[in-house]
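Keeping their order, the protein sequence lines are chains A and B.
Sequence positions in the first sequence follow our numbering and run 1 to 253.
Sequence positions in the second sequence follow our numbering and run 254 to 483.
Just so it is clear, CB atoms sit at the ideal spot from N, CA and C, and this is done for glycine as well.
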Amino acid sequence: MPDDIVLRVEELYKSYGNITVLKGVSFEVRRGETKIICGPSGSGKSTLLRCLNLITRPDKGRIWLEGEEITNRNVNINKVRQKIGFVFQEFNLFNHLTALRNVSIGLEVVKKMKKEEARRIALQMLRKVGLEEHAYKYPAELSGGQKQRVAIARALAMNPAIIFYDEPTSALDPQLIGEVLEVMKALAREKVTGIVVTHEMGFAQSVGDEMLFMYDGKIIERGPPREVIRNPKCEQAKRFFQRIHELYAREER
Amino acid sequence: MRVYSKLLKLMVTVWDYLPYILEGVWWTLGLVAGGLALGFIIGLPLSIAQVYGHRILKAIVEVYAWFFRSVPLLVLLFLFYWGVFPALGYKLDPLTCSILVLGFRSGGYQSQIFRGAIQSVGEGQYIAARTLGMSKLQGIFHIILPQALRIAFPGWVNEYAIILKDSAICFVLGVMEVLTRTRYVVMATLEPLLPYFIAGGLFIVLTYGGTKLVNMVYEKTKIPGLIGRM
């Protein structure tokens with residue numbers, strides 16, 4: 001396996017009861033790449049991300065992270081997850097901790113770092129997402145956009161090999177989406193490897209290296225984002241992007 | 254005039270016995286502190302097991318909580334004092350036995366207080382903790398419990414008030430708490446009114462004072478911006 005492949009996914013399957021959510025998903029993510037995943041709701045995007053860091057166990061298929069097969073039962077799952085950042089739609093900040101402690105607690109508890117060292121890194125990460133002056137605020141005192149930026153700083157602080165973003169702007173008011181996307185764009189330009197599930201087509205086209213279009217548990221179209229968005233080949237993708245286009249056109253009016 | 258002097262005489266008599274009744278406050282507080290503490294030690298792990306544990310573990314906790322919440326305290330006291338402990342080969346003194354029973358029972362109630370609190374923190378934060386690489390226990394101890402314990406506070410204060418009042422039933426085993434002593438005073442003076450009034454007053458003071466005190470601690474541990482939610 002070439003060295004620059006961070007994540008490799010092979011024939012992933014997942015069912016809940018008799019509903020099959022993932023029906024054989026395969027792809028690779030290279031170092032520095034930003035992979036965009038989109039598709040209608042219920043197509044299995046979130047389940048895919050959750051399977052990739054084993055929050056949900058896939059039924060079948062294999063996953064390699066930096067050359068190590070993490071679907072192997074003998075792998076220490078907590079060690080693996082340290083290398084995968086995860087940014088949630090609903091932020092999921094720790095409500096009893098300040099922004100600073102939200103970012104540093106992983107370093108302290110998981111990486112066993114000294115308090116001062118963790119604090120120093122956390123401040124650095126908060127500066128990176130433009131929230132240094134809010135370091136001592138609690139999540140309830142922050143706006144949605146600020147919360148999501150803290151969440152990104154929290155993921156970054158662990159120095160992960162890859163970051164997963166699960167619809168990071170879907171729970172935000174329109175005027176707050178920009179600040180989060182700016183941070184994500186900056187990271188993508190710094191070649192922080194990432195998989196982004198999003199419907200933000202502008203973002204996808206400006207920093208996405210490849211787009212995977214999911215439908216009914218499978219990747220049915222892939223290619224450069226610009227290509228897939230403007231010139232989708234399959235019927236399902238055509239319909240999907242048409243609908244997204246209409247939605248945004250309506251907002252602009 | 255006759256009534257007045259009788260009342261005066263009664264008050265003087267009861268006044269003599271007052272220190273004796275007041276000494277029972279220590280016993281009552283001992284029952285409450287012991288019961289609450291044991292209930293906490295039992296209830297917290299049970300609640301964690303009920304939320305995060307294996308299916309079988311969950312079932313066991315449910316049966317435990319169901320049993321101790323369904324059987325009257327009086328029955329539990331008799332059952333354990335005359336039945337369970339002797340059968341196991343232990344002859345416990347009334348105080349120890351009462352504390353254990355109050356604790357077992359409170360453990361059942363407290364497990365449900367903490368379970369609700371843990372569940373209201375939400376699964377999202379727990380999953381976020383796990384995605385950082387925290388183990389199950391690290392997630393529970395560093396992320397869930399600090400919040401759940403704060404949320405559980407009002408319910409827990411309520412449990413203090415309940416166990417305080419329930420502790421009076423331990424008079425049936427002859428624990429030297431407030432009610433037991435009051436009854437002795439009544440028997441000695443043949444005057445029920447004033448002594449029972451005093452006993453009632455003591456429970457009011459303990460309930461009110463205790464809840465006030467614990468609520469002060471609660472105010473100190475509030476999370477900024479989350480006041481409305483709890």
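Check                                                                                                                         : Outcome
Boundaries (first-last residue) of the alpha helix (DSSP H) holding B/Leu-310                                                 : 308-323
Listed by chain order, chain B residues near A/Ile-55 by CB distance under 9 Å                                                : Ile-380, Arg-383 and Thr-384
Coarse secondary structure for B/Cys-350, derived from DSSP in three states                                                   : helix
Continuous alpha helix (DSSP H) stretch holding B/Leu-332: start and end                                                      : Premise fails: B/Leu-332 is in no alpha helix (DSSP H) and is neither H nor E.
C-alpha gap between B/Gly-481 and A/Ala-237, whole angstroms                                                                  : In this prediction, B/Gly-481 has a pLDDT of 42, which is less than 50 and means its spatial position is unreliable; what the coordinates show is noted afterwards. Whole-angstrom Cα-Cα distance: 45 Å.
Coarse secondary structure for A/Cys-51, derived from DSSP in three states                                                    : helix
B/Asp-419: first and last residue of the uninterrupted alpha helix (DSSP H) it sits in                                        : 398-419
Min CB distance A/Ala-99 to chain B below 8 Å                                                                                 : no
Range of the contiguous alpha helix (DSSP H) that encloses A/Arg-119                                                          : 115-128
Same chain, Cβ closer than 7 Å to B/Leu-310, neighbours up to 5 away in sequence not counted                                  : Ala-302
One or two residues paired with A/Phe-86 in a DSSP bridge                                                                     : A/Phe-164
Within chain B, partners of A/Gly-106 - CB distance below 8 Å                                                                 : Leu-385, Gly-386 and Met-387
Within-8 Å CB hit, A/Asn-78 to chain B                                                                                        : yes
Contact list for the stretch 430-449 of chain B against chain A, Cβ threshold 7 Å                                             : none
Neighbourhood of B/Leu-348 by C-beta distance below 6 Å, restricted to the same chain and skipping five residues each side    : Val-428
Cβ shell of B/Gly-490 (< 6 Å), same chain only, five flanking positions each side left out                                    : Nothing can be reported for residue 490 of chain B, as the shown portion of chain B is limited to 254 through 483.
Stretch-stretch touch, CB-based, cutoff 8 Å, three pairs: the stretch 94-101 of chain A with the stretch 139-154 of chain A   : yes
B/Arg-342 - containing beta strand (DSSP E), residue span                                                                     : The identity of residue 342 of chain B in the sequence shown is Gly, whereas the question assumes Arg. Here B/Gly-342 belongs to no beta strand (DSSP E), and DSSP marks it neither H nor E.
Chain A within 8 Å of B/Ile-295, Cβ atoms only                                                                                : no
Whole-number beta carbon distance between A/Gln-89 and A/Arg-4, since they are thought to touch under 8 Å                     : Sequence check: residue 4 of chain A is Asp here, not Arg. Not a contact, Cβ separation roughly 29 Å.
Buried versus exposed call for B/Ala-452 [16 or more other C-beta atoms within 10 Å across all chains shown]                  : buried
Contact set between the stretch 298-312 of chain B and chain A, restricted to residues whose Cβ is under 8 Å from the partner : none
Contact with chain B by A/Arg-119, beta-carbon distance below 8 Å                                                             : no
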